[in-house]
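Numbering (my numbering), first residue to last: 59 to 721.
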Amino acid sequence: MADFLLDDLNPQQRLAVTAADGQVLVLAGPGSGKTRVLTRRLAYLIDRKNVPAYDIIAVTFTNKAAREMENRVSNLVRANIDGIWLGTFHAMCARLLRRESASLPFTSNFVIFDSDDQETLVKRAMRELKIDEKMHRPASVHAAISAAKNDLLGPTEVQTRNYREEVVARVYALYESMLRTNNAVDFDDLLLWGAKLLRENPAIREKYASKFHHVLVDEFQDTNLAQYELLQHLSSLHQNIFVVGDEDQSIYRWRGADYRNVLRFEKDFPKCEKILLEQNYRSTQVILDAARGVIDQNHNRTPKHLFSERGAGNKIIKYDGVDDHAEAGFVVDTIAGYLGGKKSKASDFAVMYRTNAQSRLIEEAFMHAGIPYHLVGAQRFYGRREVKDIICFLRLVENPADEVSLQRVVGVPPRGIGEKTIQNLQAAANQAGISSGEALLDLGRSNEKSVFWPLIGRSAGLLADFGAQLAEWCTLKEKLSLVNLFERILLDVGYENYINDQTDEGIDRWENVEELKRLALDFQERGLTEFLQNLALVSDQDTIEDQEEQPQAEDTSSVTLLTLHAAKWLEYRQVFIVGMDEGILPHSRSRDDPEEMAEERRLFYVGITRAKDQLYLVRAERRSTFGDYDYGDPRAFCRISTTGSSSTRANAAPPAEPARKRI
DNA sequence: TCGCCAAGACTTTTT
DNA sequence: GTCTTGGCGA
59 MADFLLDDLN
69 PQQRLAVTAA
79 DGQVLVLAGP
89 GSGKTRVLTR
99 RLAYLIDRKN
109 VPAYDIIAVT
119 FTNKAAREME
129 NRVSNLVRAN
139 IDGIWLGTFH
149 AMCARLLRRE
159 SASLPFTSNF
169 VIFDSDDQET
179 LVKRAMRELK
189 IDEKMHRPAS
199 VHAAISAAKN
209 DLLGPTEVQT
219 RNYREEVVAR
229 VYALYESMLR
239 TNNAVDFDDL
249 LLWGAKLLRE
259 NPAIREKYAS
269 KFHHVLVDEF
279 QDTNLAQYEL
289 LQHLSSLHQN
299 IFVVGDEDQS
309 IYRWRGADYR
319 NVLRFEKDFP
329 KCEKILLEQN
339 YRSTQVILDA
349 ARGVIDQNHN
359 RTPKHLFSER
369 GAGNKIIKYD
379 GVDDHAEAGF
389 VVDTIAGYLG
399 GKKSKASDFA
409 VMYRTNAQSR
419 LIEEAFMHAG
429 IPYHLVGAQR
439 FYGRREVKDI
449 ICFLRLVENP
459 ADEVSLQRVV
469 GVPPRGIGEK
479 TIQNLQAAAN
489 QAGISSGEAL
499 LDLGRSNEKS
509 VFWPLIGRSA
519 GLLADFGAQL
529 AEWCTLKEKL
539 SLVNLFERIL
549 LDVGYENYIN
559 DQTDEGIDRW
569 ENVEELKRLA
579 LDFQERGLTE
589 FLQNLALVSD
599 QDTIEDQEEQ
609 PQAEDTSSVT
619 LLTLHAAKWL
629 EYRQVFIVGM
639 DEGILPHSRS
649 RDDPEEMAEE
659 RRLFYVGITR
669 AKDQLYLVRA
679 ERRSTFGDYD
689 YGDPRAFCRI
699 STTGSSSTRA
709 NAAPPAEPAR
719 KRI
């Protein structure tokens, strides 16, 4: 009898999908049908094992992956799957924290600070502590705090072996208390508090551990320590945990991801069933062999023998341009050649690079040649100034205690309120033991009669005006629909005039505001709170790639330009990896650290395995960096077999020539 | 307080 | 090369 759930799976995939209860570790090479296995497993549990959907939690790393999985599973099973907990780690944790806020130091309507907000708050903490921002850059202090949180370390638990670490600890402590007064959590907190909550409250832990009979995890190699602990707690009772990942594709170490969680899993669950998915449905054997030549140099992993039934395929083509212009020229000329032949369309091609800065020259070359192209993930919609402005206005209306938003929008557009006035407001509010937002609202209500009036100085009137404005919005929040509130705020502050100066840039910015308004329209029924939460947790990559899913007319097809990191989910017939120079790929900052070099190899590996038919490795003899020219050195990563005849050839390459001098 | 100019920085960016 | 930041004058 035909079985649509299992028939089209290969033996390894079927083994994984139908595995017995317990712990299952699926190591899935690139293009081996990882998503398919995960969705079929979910469908199998629900449809064949009669597991109710609400007994299952399945976590992914992107909203897009979660949405896709939900759609596919609901198409595969007869049962209704509404009760399933399916989403990103962060969204699942946000839900958990809102439900259990009684046991937490914030209320259930907490706001979520994104990385920009985090950095703003770090800066404020540093100023308050009078720490020199030249010596300790806020970005790096922020990174240190974030890393500590990913390792589940609180402000009193971080190491203070030297002055720098001590500075970080002090900033961390103040930063943390500032989050509390803002009733806010940051991205990292969602995971940290989630793990802490379950660790320290046995009753709550048991509640969820008994609820979730099955725990499923996607992209397991990119979990951090907090996520790992979370998974342990959630599966602590029923012990049914099914994880899918590939340690060779772990490329987010700098954000706390630790591929060694795969090893940890094997150690913590010695009885786990380990299944390797090695049949690749994407690439030719030549490409897979090249990829293997790169990745086999890494340690602490399970070796995999990726194979393809697609045959050897074309040789990998290497190209050394004289400079970066020649590099871009080669890419564009090659693609132009194919497009002239009519057999290929622009969307068959992708150009991948290590750093975003490399895209500029390539873009110019495409523009010059008149070939349509688009960038993936370069300009983050939610990171745009105008988008962030509006979000902060809305956040302030939702939660006037949000000091980060207040500070941002109090002078947008400029209304005569500057640094000094804000400082006075903060000091006055501090003294009264309330937030600046509350003090501002009081000023708006009582004007000169407010106790804060004399403490502000010259601009008290301006501040009171803004406070009254904010108070009005807060009242309107209850009466108007989300979109009407949105429009009202824009109108009240004259935002369109401010942002749209009729230049191309101004028009573009205003269009972004309108795009945000369209998004708000989808949340008319759910309201402001949910809209804001969604904005915090649904970001960037999700929205951009959605357009890819619905390719429009043929003539809009274009070449894709993207960083190697952004390439992870994608595949193309022909892939160009450019900038194959020591210092760029592998990146110079990785040179001295073997773990970092291993990550560069994984990044390269991810890039190689995106190619279905044809791979090009391109480099330049010299390239301009920040104005003047540098000579590159084609070391480690250019030693790669182009014919696939021997995957060990990459290791046996002659030693690299010494780096050439710079002119 | 705001807007302009010069100086300095500059890997990657699932949430 | 280009974006952000900080200092200074109007």
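Note that the Cβ used here is the ideal one computed from N, Cα and C, for glycine as well.
Measuring straight from C-alpha to C-alpha, what distance separates residue i and residue j?
i: L501; j: A526; result: 8 Å
i: D172; j: C450; result: 12 Å
i: L232; j: A183; result: 6 Å
i: P692; j: K376; result: Unreliable placement is indicated for P692, whose pLDDT of 49 sits below 50; no coordinate value is reported for it.
i: V467; j: R350; result: 51 Å
i: F544; j: W531; result: 10 Å
i: D580; j: A101; result: 29 Å
i: E421; j: T342; result: 29 Å
i: I565; j: S159; result: 43 Å
i: P472; j: I492; result: 25 Å
i: I602; j: C330; result: With a pLDDT of 48 at I602, under the threshold of 50, the modelled position of this residue cannot be trusted, and the question is left open.
i: W312; j: P88; result: 21 Å
i: K575; j: A60; result: 48 Å
i: R238; j: T667; result: 44 Å
i: F62; j: L134; result: 9 Å
i: L520; j: L548; result: 19 Å
i: I480; j: N488; result: 12 Å
i: R340; j: S616; result: 21 Å
i: H272; j: A578; result: 35 Å
i: S417; j: L661; result: 17 Å
i: N356; j: A202; result: 27 Å
Nearest CA to the CA of residue i: which residue from the options?
i: T93; options: H296, T118, K670, V409; result: T118
i: G369; options: D65, D66, K670, A518; result: K670
i: R228; options: V468, D354, L248, V199; result: V199
i: Q285; options: M150, S166, D562; result: M150
i: D382; options: L364, Y411, F270; result: Y411
i: F365; options: G379, I353, N356, L346; result: L346
i: L590; options: R453, G371, Y112; result: R453
i: L673; options: R659, I547, K373; result: K373
i: E640; options: E629, R680, W568; result: R680
i: W251; options: K403, H148, R219, L534; result: H148
i: E573; options: K446, A529, D280; result: K446
i: L179; options: T587, L620, S402, Q465; result: Q465
i: G441; options: L540, D174, D650; result: D174
i: L249; options: R153, L85, I353; result: R153
i: P163; options: S235, A124, K122; result: S235
Could you spell out where the alpha helix (DSSP H) holding residue i opens and where it closes?
i: N587; result: A small fix is needed here, since residue 587 is Thr in this sequence, not Asn. Where T587 is concerned, the enclosing alpha helix (DSSP H) stretches over 586-595.
i: M416; result: Reading off the sequence shown, one finds Gln at residue 416, where the question assumed Met. It is not in any alpha helix (DSSP H) - Q416 carries neither H nor E in the DSSP assignment.
i: H296; result: H296 -> no alpha helix (DSSP H), and no H or E assigned at all.
i: W511; result: 511-514
i: K265; result: 260-269
i: Q355; result: Here Q355 belongs to no alpha helix (DSSP H), and DSSP marks it neither H nor E.
Taking the Cβ atom as the reference point for each residue, do residue i and residue j lie within a distance shorter than 8 Å?
i: V302; j: F323; result: no
i: A678; j: E385; result: yes
i: L622; j: V596; result: no
i: L334; j: T360; result: yes
i: N570; j: E444; result: yes
i: N208; j: N282; result: yes
i: Y81; j: F327; result: With the sequence shown as reference, residue 81 is identified as Gln, and Tyr is not the correct amino acid for it. For Q81 and F327, yes; Cβs fall inside 8 Å.
i: F407; j: Q632; result: yes
i: F510; j: A486; result: yes
i: Q28; j: S90; result: The displayed coordinates of the chain run from 59 to 721. Any statement about residue 28 would go beyond what the structure contains.
Starting from residue i, trace the beta strand (DSSP E) in both directions and tell me its first and last residue.
i: D562; result: Element bounds for D562: not the beta strand (DSSP E) but the alpha helix (DSSP H), 562-579.
i: I492; result: Neither: I492 is in no beta strand (DSSP E) and is coded neither H nor E.
i: V243; result: 242-244
i: R631; result: 630-635
i: F524; result: Here F524 belongs to no beta strand (DSSP E); instead the alpha helix (DSSP H) covers 518-537.
message: Below 8 Å, how does it come out for the stretch 448-462 and the stretch 229-248: are there three or more Cβ pairs, yes or no?
response: yes
query: Should the stretch 632-647 be called in touch with the stretch 429-438, which here means at least 3 C-beta pairs below 8 Å?
result: no
Segment contact flag, the stretch 633-642 with the stretch 312-331, C-beta cutoff 8 Å, min 3 pairs: no
- prompt: Are there three or more Cβ pairs, one per stretch, closer than 8 Å when the stretch 133-146 is compared with the stretch 185-198?
  reply: no
- prompt: Using 8 Å as the Cβ pair cut-off and three pairs as the minimum, do the stretch 540-558 and the stretch 503-522 touch?
  reply: no
- prompt: Is the stretch 250-265 close to the stretch 285-301, with three or more CB pairs under 8 Å?
  reply: yes
field: Validate contact between the stretch 257-276 and the stretch 64-74 using beta carbons, cut 8 Å, 3 pairs
entry: no
- request: Assess, as a yes-or-no matter, whether the stretch 388-395 is touched by the stretch 415-430 under the definition of 3 or more beta carbon pairs within less than 8 Å.
  value: yes
- request: May I ask you to verify whether the stretch 113-129 touches the stretch 204-219, counting CB pairs closer than 8 Å and requiring at least 3?
  value: no
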